[in-house]
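In this text, residue positions in the sequence shown follow the working numbering: the first is 5, and each later residue adds one. Note that CB positions come from ideal geometry on N, CA and C, so glycine has one too. Since the structure is predicted, the reported quantities are computational estimates derived from the model, not experimental observations.
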Amino acid sequence: MHSSRLLLALGALAVSGCASAPRPAESPSSSQSLQAPAAPVRLTLVGTNDFHGWLMPHTTALPGGLQAEEGGAAVFAGYVARLRADNPGGVLLLDAGDLFQGTLASNLTEGASVIDVYNRLGYAAAALGNHEFDYGPVGPKAIPGPSEDAFGALTARIHQARFPLLTVNMRDAATGKAPAWLGNDGTLLVTLQGVKVGIIGLTTPSTPRIANPALVPGLRFEDMVPTTLEAAQRLRAQGAEVVVGLAHAGGKCADLSNPRDTSSCDRSDGEIYGLVESLPPGTLDAVFAGHTHQPMGHFFGNVPVLSTSGQGRSFGVVELFVDAVSHKVLPERTQLQAAIPVCARVEAKSGSCDARKLKELGASAQLVPPTFRGGEVVADAEVEALVAPALARVEEVQRRSLGVSVTGMLGRDYEGESALGDVLTDALREMEKVDVSLLNSGGLRANLKPGALSYGDLYEVLPFDNTVAIVTLTGDELRRLVAAAYGTGNGVFQQSGLKVKLAKCAGPERLRDVTLADGKPLDAKRLYRVVLPDFLARGAAGLDKVLAQVPAERIDLGLGRELTLRDALASWWQARGTPIAAPATGRISFVDEGAPCASKGPASARSERP
Numbered sequence: 005m006h007s008s009r010l011l012l013a014l015g016a017l018a019v020s021g022c023a024s025a026p027r028p029a030e031s032p033s034s035s036q037s038l039q040a041p042a043a044p045v046r047l048t049l050v051g052t053n054d055f056h057g058w059l060m061p062h063t064t065a066l067p068g069g070l071q072a073e074e075g076g077a078a079v080f081a082g083y084v085a086r087l088r089a090d091n092p093g094g095v096l097l098l099d100a101g102d103l104f105q106g107t108l109a110s111n112l113t114e115g116a117s118v119i120d121v122y123n124r125l126g127y128a129a130a131a132l133g134n135h136e137f138d139y140g141p142v143g144p145k146a147i148p149g150p151s152e153d154a155f156g157a158l159t160a161r162i163h164q165a166r167f168p169l170l171t172v173n174m175r176d177a178a179t180g181k182a183p184a185w186l187g188n189d190g191t192l193l194v195t196l197q198g199v200k201v202g203i204i205g206l207t208t209p210s211t212p213r214i215a216n217p218a219l220v221p222g223l224r225f226e227d228m229v230p231t232t233l234e235a236a237q238r239l240r241a242q243g244a245e246v247v248v249g250l251a252h253a254g255g256k257c258a259d260l261s262n263p264r265d266t267s268s269c270d271r272s273d274g275e276i277y278g279l280v281e282s283l284p285p286g287t288l289d290a291v292f293a294g295h296t297h298q299p300m301g302h303f304f305g306n307v308p309v310l311s312t313s314g315q316g317r318s319f320g321v322v323e324l325f326v327d328a329v330s331h332k333v334l335p336e337r338t339q340l341q342a343a344i345p346v347c348a349r350v351e352a353k354s355g356s357c358d359a360r361k362l363k364e365l366g367a368s369a370q371l372v373p374p375t376f377r378g379g380e381v382v383a384d385a386e387v388e389a390l391v392a393p394a395l396a397r398v399e400e401v402q403r404r405s406l407g408v409s410v411t412g413m414l415g416r417d418y419e420g421e422s423a424l425g426d427v428l429t430d431a432l433r434e435m436e437k438v439d440v441s442l443l444n445s446g447g448l449r450a451n452l453k454p455g456a457l458s459y460g461d462l463y464e465v466l467p468f469d470n471t472v473a474i475v476t477l478t479g480d481e482l483r484r485l486v487a488a489a490y491g492t493g494n495g496v497f498q499q500s501g502l503k504v505k506l507a508k509c510a511g512p513e514r515l516r517d518v519t520l521a522d523g524k525p526l527d528a529k530r531l532y533r534v535v536l537p538d539f540l541a542r543g544a545a546g547l548d549k550v551l552a553q554v555p556a557e558r559i560d561l562g563l564g565r566e567l568t569l570r571d572a573l574a575s576w577w578q579a580r581g582t583p584i585a586a587p588a589t590g591r592i593s594f595v596d597e598g599a600p601c602a603s604k605g606p607a608s609a610r611s612e613r614p
């Protein structure tokens, strides 16, 4: 007999006694006193990720004067209320990071408006995302000066929050411990329905590469696997009977129809698989992931992993069942719901608020309030009142006209030359009267629609508070910088002033040729002035090795400038007053070398800010 089966058999004998021993007869009174086993305890874990300040809904105009709405904090609060009514005292609300950055509603208050709402919603914990660092010191300056605290704004939000922001794999490089300003060791232990639940926060180790280096000074982000294992063991020793991971790291699974089928999950395209599948069974009982803005809802082994596309459009739910006596998780009972849409109103027949589906229906669409977990979803009036002042301020700023128009749609393209990239890099090069301009495609966060250009439109495209930096390089240094930019796997950088030829597949040797825009070769000894965001000039996105060899006096980070890169462009376009149109394409071309591409690089690089 297999040893484990033998142990189970011996264990059964030990519990029931000797198999041949006679059992005493049961009296009527004793049989009546026997009770059925207690029902398992149900824990409802609710997860969000990559909220990015979307306190308001995403709205789309429909035929017949109707409007589709997805997301919005007040409506999401209505869904949370239904979950709490369905399982009183058994709901745990969690977030996998990137609460801030990306909307004026968040950025005008350095995230304070988001924390107000999260406090009202009753979040238990959130992971620390890479964008939590974006605000730098308290106040309008995004980049800290010599005596300013780079973590000032984040520390203020930590003190404001009535829940902890967690990460176990971030260390102060000098001490090797969690930074004092974090205020915790990256874990939390709570009791839910009598069950002790441990929570572990994690932050993608790529943070130093994809964040502005000036905003994460003195920090080290370690491998998630050993830090998770150590934290889980520490929580179990403290009595945790369930352990949940909040990982600001993700992946991508194309098919959500069968949570037990992971064949659509790209194992080469995400960090979360390496984490979950490297941990010993029983380390984590559930994981909420994020960072990649990709919906997931799958079991890896017995561990459910959920994430959403972010921006408040949806949420995920894991129902864990725990034995009432042993307090052991019953994995065969675990249920999950992935990417549940947040809808103010839904189409009566389909129950959908997807704008694309509603547009297809046209004026025949009949919108009604949604129902969820046995009741109607009602937007939370207190949350509406809480966000109203922030949204009023946003509307005022958004409406400010720049006095120019966009003649046609200017779209993004992470993997190639884009109309938006051409317009922005041309504008920067002309504005600064330099030879070359360079932008990382991950920093362009929205398309620019045709029509009158408002400040709000430009803000959606360029939400990051970068300064305008100028680096002066020799021809040889410029060639190496361009090779590094296109060889990191961080998508295809947008540029002006050059013509580049790239291998179709990403890789360190992707650059095949670079010349000036007129086809002339770079002069190895001549000095060229390059304008770029200070994010790149500080060495982010793989440019550090090249720029580390450039004398400091030839790197101007733009710290003396009063305007951000976004505001400088707004002022320049406003002063110029001419329509904005896409130029002819052709500055970036590809060489098809025949072999198929193995991978497009990490999902985090494609969807985030590298």
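Exposure label - residue 150; buried when at least 16 CB within 10 Å = exposed
inquiry  = Could you tell me the alpha carbon to alpha carbon distance between residue 368 and residue 176, rounded to whole angstroms?
reply    = 58 Å
ask   = Quick one: what does DSSP say residue 163 is sitting in, helix, strand or coil?
value = helix
ask   = Should residue 173 go down as buried or exposed, given a rule of 16 or more other Cβ atoms within 10 Å for buried?
value = buried
key: Local Cβ density within 10 Å of residue 597, reported as buried at 16 or more and exposed below that   = exposed
query = Is residue 372 helix, strand or coil by DSSP?
reply = strand
ask   = What are the uninterrupted segments assigned as beta strand (DSSP E) that are 3 or more residues long and contained completely in the stretch 264-331, given in chain order?
value = 290-293, 300-304, 307-311, 318-326
query = Within 7 Å: the Cβ of residue 123 and any heavy atom of the ligand ADP?
reply = In terms of ligand content, the structure shown is empty, and the ligand ADP therefore cannot be addressed.
request  = Locate the alpha helix (DSSP H) running through residue 228, then write down its first and last residues.
outcome  = 228-241
query = Which two residues bound the contiguous beta strand (DSSP E) that contains residue 97?
reply = 95-99
task = Could you name the residues that DSSP lists as bridge partners for residue 505?
result = 517, 593
key: Separation of residue 307 from residue 219, as counted between CA atoms   = 34 Å
ask   = Thinking just about the alpha-carbon of each residue, which of 497, 438, 483 is nearest to the one in residue 416?
value = 497
query = Which one or two residues does DSSP pair with residue 71 in a beta bridge?
reply = 65
Beta-carbon separation (whole angstroms), residue 101 vs residue 146, contact threshold 8 Å = Incorrect: roughly 20 Å between the Cβ atoms, too far for contact.
request  = Could you name the residues of the same chain whose beta carbon sits closer than 7 Å to that of residue 567, not counting the 5 residues immediately before and after it, in chain order?
outcome  = 575
message = On a Cα-Cα basis, can you pick out the residue from 276, 505, 522, 573 that is closest to residue 408?
response = 573
query = On the three-state DSSP scale, how would you describe residue 103?
reply = coil
ask   = Going straight from the alpha carbon of residue 484 to that of residue 550, what length do you get?
value = 7 Å
ask   = Pick from 482, 292, 294, 67: whose alpha carbon is nearest that of residue 515?
value = 482
ask   = Relative to the C-alpha of residue 494, which residue among 265, 510, 317 is closest?
value = 510
task = Please list, in chain order, all residues of the same chain as residue 79 whose beta carbon is under 6 Å from its beta carbon, the five residues on each side excluded.
result = 346, 348, 383
inquiry  = Closest to residue 579 by C-alpha separation, out of 504, 563, 405, 226, would be which residue?
reply    = 405
request  = Quick one: using the 10 Å Cβ neighbour count with 16 as the cut-off for buried, is residue 264 buried or exposed?
outcome  = exposed
inquiry  = With three or more C-beta pairs closer than 8 Å as the rule, is the stretch 85-92 touching the stretch 42-49?
reply    = yes
ask   = Around the Cβ of residue 31, are there at least 16 other Cβ atoms within 10 angstroms (buried) or fewer (exposed)?
value = With a pLDDT of only 47 at residue 31, under 50, the local geometry of the prediction cannot be trusted, and the value read off the model is given with reservation. Classification for residue 31: exposed.
key: 8 Å Cβ cutoff met for residue 502 and residue 477   = no
request  = Assign residue 445 to one of three DSSP states: helix, strand, or coil.
outcome  = helix
ask   = Thinking just about the alpha-carbon of each residue, which of 249, 386, 390 is nearest to the one in residue 231?
value = 249
inquiry  = Three or more C-beta pairs under 8 Å: does that hold for the stretch 534-542 against the stretch 189-202?
reply    = no
inquiry  = Using only CA atoms, which one of 379, 300, 364, 569 lies nearest to residue 68?
reply    = 364
key: Cβ pair count under 8 Å reaching 3, the stretch 460-470 against the stretch 435-449   = yes
task = Starting from the Cα of residue 329, find the closest Cα among 389, 125, 197, 312 and give me that residue.
result = 197
ask   = When the distance is taken between beta carbons, is residue 194 closer than 8 Å to residue 241?
value = no
request  = Could you check if residue 221 is buried or exposed, using at least 16 other CB atoms within 10 Å of its CB as the buried criterion?
outcome  = exposed
request  = My understanding is that residue 303 touches residue 98, with C-beta atoms under 8 Å, so please give their C-beta distance in whole angstroms.
outcome  = Wrong, their Cβ atoms sit about 18 Å apart, outside the cutoff.
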